[in-house]
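Heads up, the thing below is written out as structure tokens.
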Amino acid sequence: MWLASWLVGSAWAATLTLHPSPEAQVVLLGSTRANYAEIGVYHNHAPIGIDVKGWRSTDGLVFARFVDGGGGTQFILLEVEDGHVVEVHSGADHVQLRIVPGRPSAFGPRTPLPTVEELLTGVPSVPPEPPKIELHPLLGSARTYGPRVPVVRLAVDPPELEVPSGWESELAAVDEPSWDDVKRWQKLLATVEDPQLRMILNYRLGDAHRLLGLPREARYYFERGSTMGVPPAAMLLRRAEAGLMIGDYDDARYSCLQAWYRDARDGQVLSCLGLLSLQTGFPDPGQTGRALAQAATAPSERLVAGELLLRGGDYLAAIEPLTAAARELHGSQLELASIALGDAWLLQGDVDRAHQAYIDAPHVTLDGILRTRELMVRMIHDGVRNWPSWVPDIDRMAREGGPQGAEALYLLAQINERYLDWEAAAAAYAAMWDLYPTVRGSQVPAHLLDACTHRIDGLARDSRDAELVAVYENCWREPLAEHVTSVSMFEAASRAFERLGLSEDALAVQLDLTTVLASVGREDPLQLARLALLNLAAERPEEALDTVRYGRLLATTSVQRASLDVAEGETLLEMGRLEEGFAALRRAAADPTVRATALQRVGVAQLRLGQCDAGLAALGPALVGAPLPDTSPGDVELLALRCAVNLERGPEALVLADLAIRRSQDEWTPKEARWLATFVGRHGGLDIPAELRSESRSWKRSAEKTRPMPPSSPRSPSGNEARPAEGPSRSPN
Amino acid sequence: MIALLSSAFAGPLPGEAPSDPSGVRVVLRGLVESWDDPALSAVYSSGTWLGGLGVVVPVWGPVLVDVEASFRRLESGGSTFEIAPLSALVEFGPRKGTVEPYAGLGPTWTAFTESAGDSSVQGARLAAELRGGLRVDTGLVRPPMPPAGDGPVRALEIELYLARRVSLPGGEGFALGAWRGSLGVAVAF
Chain A
204 MWLASWLVGS AWAATLTLHP SPEAQVVLLG STRANYAEIG VYHNHAPIGI
254 DVKGWRSTDG LVFARFVDGG GGTQFILLEV EDGHVVEVHS GADHVQLRIV
304 PGRPSAFGPR TPLPTVEELL TGVPSVPPEP PKIELHPLLG SARTYGPRVP
354 VVRLAVDPPE LEVPSGWESE LAAVDEPSWD DVKRWQKLLA TVEDPQLRMI
404 LNYRLGDAHR LLGLPREARY YFERGSTMGV PPAAMLLRRA EAGLMIGDYD
454 DARYSCLQAW YRDARDGQVL SCLGLLSLQT GFPDPGQTGR ALAQAATAPS
504 ERLVAGELLL RGGDYLAAIE PLTAAARELH GSQLELASIA LGDAWLLQGD
554 VDRAHQAYID APHVTLDGIL RTRELMVRMI HDGVRNWPSW VPDIDRMARE
604 GGPQGAEALY LLAQINERYL DWEAAAAAYA AMWDLYPTVR GSQVPAHLLD
654 ACTHRIDGLA RDSRDAELVA VYENCWREPL AEHVTSVSMF EAASRAFERL
704 GLSEDALAVQ LDLTTVLASV GREDPLQLAR LALLNLAAER PEEALDTVRY
754 GRLLATTSVQ RASLDVAEGE TLLEMGRLEE GFAALRRAAA DPTVRATALQ
804 RVGVAQLRLG QCDAGLAALG PALVGAPLPD TSPGDVELLA LRCAVNLERG
854 PEALVLADLA IRRSQDEWTP KEARWLATFV GRHGGLDIPA ELRSESRSWK
904 RSAEKTRPMP PSSPRSPSGN EARPAEGPSR SPN
Chain B
54 MIALLSSAFA GPLPGEAPSD PSGVRVVLRG LVESWDDPAL SAVYSSGTWL
104 GGLGVVVPVW GPVLVDVEAS FRRLESGGST FEIAPLSALV EFGPRKGTVE
154 PYAGLGPTWT AFTESAGDSS VQGARLAAEL RGGLRVDTGL VRPPMPPAGD
204 GPVRALEIEL YLARRVSLPG GEGFALGAWR GSLGVAVAF
């Protein structure tokens, strides 16, 4: 027994499989708690949420949580049983997370503090902490305010420049340079040749333009000066600052790096990278914030560190640098620090401290943001039950636009989510997507898709097709493709369009679905089979056959191949290639999962082709049981009814007429079914129930006369004639 | 252009009086400037076209006063630079037949605004401009034969000049010294 236990224990307890996109990077992050493993997935655009949802509690796994950080970054939090650890093993097209017996070596900081070099080469993110409060402001890269140049400048000391003797007075620094100084230095620059002198003059001119509020011209001089003599780190940092101000982020990043090589202080370089990260998301904000919080010496650097930590989701760590910054800053910088501090306390769940920080913030330029925060605090105090009474105020704020408009829309979305009003939540998220492009790299797209999927799934359950397709059309935007983690929304929408008779739209949605799957290398032959059938419904048989051919290249299982056979069979029958079509459907019937469908399709095709004996034999019992899937309600029953009339099977015809009337959702099928039932009853001498009798005037007139039973269709001995079974013509009403 | 110049040198028809462009002229000018400031040249453009309007008023004999205003807006990477030179030159232009060569000198007030996002920097500087050029009567406007009275337009000329603007002390802003050139159409009233 002990030997068996040992053997079991020595093997891995469970294997969890992920299918990320080929370029994705899956990293096992250091964990802060025993029994927990955090896995970061970067640059991934495959819907791995589906994989995680499919995991079940197996040996070793207690709990799995999936967090979509937006922009291709996802995190998986795994809770494992005592004495187990997680290992990451990469395969050709998948990644395995193996839960194996073992003890983690240590629990400390999530990951070691990154160095400047690591930040510049790219260091993985750490998972954001979930907010510990019911209502919260926009998170991550969607945050609506933050330190930017020139409100926050790099803390750069004046450089000690080696001025050649005799030039001291000409090249002396000026605290507040004037345009005359600019002209003087420009004239001098036009005359001197010495590289050191030219470098100093370029620095003076760059600094003068910077202080005069002309960042583009300043960047020009700093850039020129950087290529002459031995440029000081200050020049490179100022060049980076000017680059940040005018949006030349590549040059800013290059200059930050050059400043680091020139021995700029770590706090300065990290602050430079931090401001860059706030604008571009690279280097990783959370990691840069962690490094900067350690290295910061100036209050503005602490402000940047705090904001970066907030963006990275490390709210607790943000509190300390922001508190220190708020003590020393004033004006616009104090406003930024106070609101950020309030946000950090709020996201940590401490509403009172958050409120105090918001109160302490001077109103300089972020009045709208402060109003949303005040509203948020009051709503939290007021309780969830009273949230709807605040909606008019929030709605008004949302209409104002700007940063407060985005925050207000996010509040609305959160309220609607809390009240499970997924449609309203989706509408708010969709409005954010349309109006505020900065939210597109954040968690908002994932929330939008989540809300849409919830709503569409609910509508699909209730068969509310018209509403479903309206919600889908409001939700779906092509750029959302990279955020899709579940395709159920597309499937439901495509089927709803199909049921509404809108084949072209159903096809378009199915194409969206297959495009999403193809873009992440997860093409699904079953979805391609459905795409082929929709192509057929949209009268594109050649495209349907092409799709089947492509699907066959990807099919690996019997079910996939059989589903493609069904699509091919139906297409070929529609194209009049009967033998090939029936052969494909019979081939499909070899698979037990698809057999019933394939045989039903054969039966329906036989009915359509007038092979009534065979068709009724194949379909009769199935029709009585339940409507056939993937057919228009009542259509097949009507086909069978016509065949039964042609074969003079009166009682069978009456049963089929009853089924057609009950199942049909259009107005013509019941009329035709009643007409045929009345016809059969009258000429076969059967008693027709009242609900099957035709009210048609033309029938009543014709019924006055005695008419013989219509002759049955000429049939070959085998009953395989190819003429469609039309039955008696429709009665004009 | 060739047709215009040909007509300018063709002179009046026999028995017809020559046109008289000695009144006030309004000149529509297309200018090109090449700035001295290297930063401005690097950020926006080393030279640019401007649209301008000049009014040339005869003062005494061949002495004229030429007042000109021009404007141009440039955009680069999210920032906008607007420049508006205003000049008032005294010109000496003795007329020889249909051609009037001239030289002028006078002050220029060059205003600029650079704006990016919410911030903007404005300024204006004093400069001196030295200008040399010529005006050629196209002969397209013929004087009326008596007893008909004069019409409002007395002559139509083509004008060409080259100039150098040198910044002087005074004012705040970029030293917008420049080489300038202009081709214009003048209407004499």
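Just so you know, the sequences run in chain order A and B. Using our numbering, the first residue of the first sequence is number 204, and each one after it goes up by one. Using our numbering, the first residue of the second sequence is number 54, and each one after it goes up by one. Note that beta-carbon positions come from the ideal geometry of N, C-alpha and C, so glycine has one too. Just so it is clear, the structure is predicted and the values come from calculations on it, not from any experiment.
Subject >> Close Cβ partners of A/E420 (< 7 angstroms) along its chain, the five nearest in sequence each way excluded >> reply: H412
Original post:
Mapping DSSP to helix, strand and coil, what is A/H292?
Top reply: strand
**OP:** Pick out whichever of A/P606, A/Q646, A/M600 and A/V594 has its Cα sitting closest to the Cα of A/A627.
**Re:** A/V594
Original post:
In this structure, does DSSP put A/S722 in helix, strand or coil?
Top reply: helix
**OP:** Below 6 angstroms CB to CB, which residues in the same chain sit around A/P917 once its five sequence neighbours on both sides are set aside?
**Re:** For A/P917, the predicted structure reports a pLDDT of 34, less than 50, and the residue's modelled location is therefore unreliable. A value from the coordinates is still provided. If we look at A/P917 and ignore the five residues flanking it on each side, it has no Cβ neighbours.
**OP:** With B/S39 as the anchor, note down where its beta strand (DSSP E) starts and where it stops.
**Re:** The structure shown does not extend to residue 39 of chain B, since chain B spans only 54 to 242, so no value can be given for it.
Subject >> 7 angstroms Cβ shell around B/S132 - same chain, five flanking residues per side excluded >> reply: E167, S168 and A169
Original post:
Closer than 8 angstroms, Cβ to any Cβ of chain A: which residues of the segment 81 to 95 of chain B, in chain order?
Top reply: D90, P91, A92, L93 and A95
Original post:
Can you give the Cα-Cα distance for A/Q497 and A/F700, rounded to whole angstroms?
Top reply: 57 angstroms
Subject >> Residues within the segment 224 to 238 of chain B neighbouring chain A, beta-carbon criterion of under 9 angstroms >> reply: G224, E225, G226, F227 and A228
Subject >> CA-to-CA distance, A/A345 to A/G509, given in whole angstroms >> reply: 16 angstroms
Subject >> 7 angstroms Cβ cut-off: residues of chain B touching A/E420 >> reply: A92, L93 and V96
**OP:** Check whether the Cβ atoms of A/A829 and A/L844 lie closer than 7 angstroms to each other.
**Re:** no
Original post:
Taking 7 angstroms as the CB-CB cut-off, is B/S99 touching chain A?
Top reply: no
Subject >> Within chain B, partners of A/H412 - CB distance below 8 angstroms >> reply: A92
Original post:
In terms of alpha-carbon separation, which member of A/D668, A/R667, A/Q646 and A/S706 lies closest to A/L683?
Top reply: A/Q646
**OP:** With A/R407 as the anchor, note down where its alpha helix (DSSP H) starts and where it stops.
**Re:** P398 to L414
Original post:
Rounded to a whole number of angstroms, what is the C-alpha to C-alpha distance between B/E144 and B/A181?
Top reply: 14 angstroms
Subject >> Stretch pair the segment 354 to 369 of chain A + the segment 279 to 297 of chain A: three plus CB contacts closer than 8 angstroms >> reply: no
**OP:** Would you mind stating whether B/F165 and B/I136 have Cβ atoms separated by less than 7 angstroms?
**Re:** yes
Original post:
Ordered along the chain, which non-local residues of its own chain (more than five positions away) have a Cβ less than 8 angstroms from that of A/V674?
Top reply: E626, A629, C655, R658, I659 and L662
**OP:** Would you decide whether B/Q175 is buried or exposed? Buried here means 16 or more other CB atoms lie within 10 Å of its CB.
**Re:** exposed
Subject >> Start-to-end residues for the alpha helix (DSSP H) that takes in B/Y250 >> reply: This structure cannot speak to residue 250 of chain B, because chain B is shown only from 54 to 242.
**OP:** Output yes if chain B places a C-beta closer than 7 angstroms to the C-beta of A/G492; else output no.
**Re:** no
Subject >> Residues of the segment 202 to 220 of chain B with Cβ closer than 8 angstroms to any Cβ of chain A, in chain order >> reply: S220
**OP:** Report the neighbours of B/S28 on chain A: residues whose CB is nearer than 7 angstroms to its CB, in chain order.
**Re:** As shown, chain B starts at 54 and ends at 242. That puts residue 28 of chain B outside it, with no answer to give.
**OP:** Express the C-alpha separation of A/D668 and A/A893 in angstroms, rounding to a whole number.
**Re:** 32 angstroms
**OP:** Could you pull out every residue in the same chain whose Cβ sits closer than 6 angstroms to the Cβ of A/V230, ignoring the five residues on either side in sequence?
**Re:** G243 and P327
**OP:** Would you please verify whether the beta carbon of A/Y423 is less than 7 angstroms from any beta carbon of chain B?
**Re:** yes
Subject >> Selection from A/L614, A/R804 and A/R581 that minimises the alpha carbon distance to A/A791 >> reply: A/R804
Subject >> the segment 267 to 287 of chain A / the segment 248 to 258 of chain A touching (three or more Cβ pairs under 8 angstroms) >> reply: yes
Original post:
Under 7 angstroms between C-beta atoms, does B/S132 make it to chain A?
Top reply: yes
Subject >> Exposed unless 16 or more other CB atoms sit within 10 angstroms - verdict on A/W388 >> reply: buried
**OP:** Kindly indicate the opening and closing residues of the beta strand (DSSP E) around A/P380.
**Re:** Element bounds for A/P380: n/a, residue is neither H nor E.
Original post:
Would you report the Cα separation of A/D181 and A/R798, rounded to the nearest angstrom?
Top reply: Here chain A has residues from 204 to 936 only, and residue 181 of chain A is not among them.
Original post:
With distances taken from CA atoms, which of A/D861, A/G416 and A/V283 is nearest A/T881?
Top reply: A/D861
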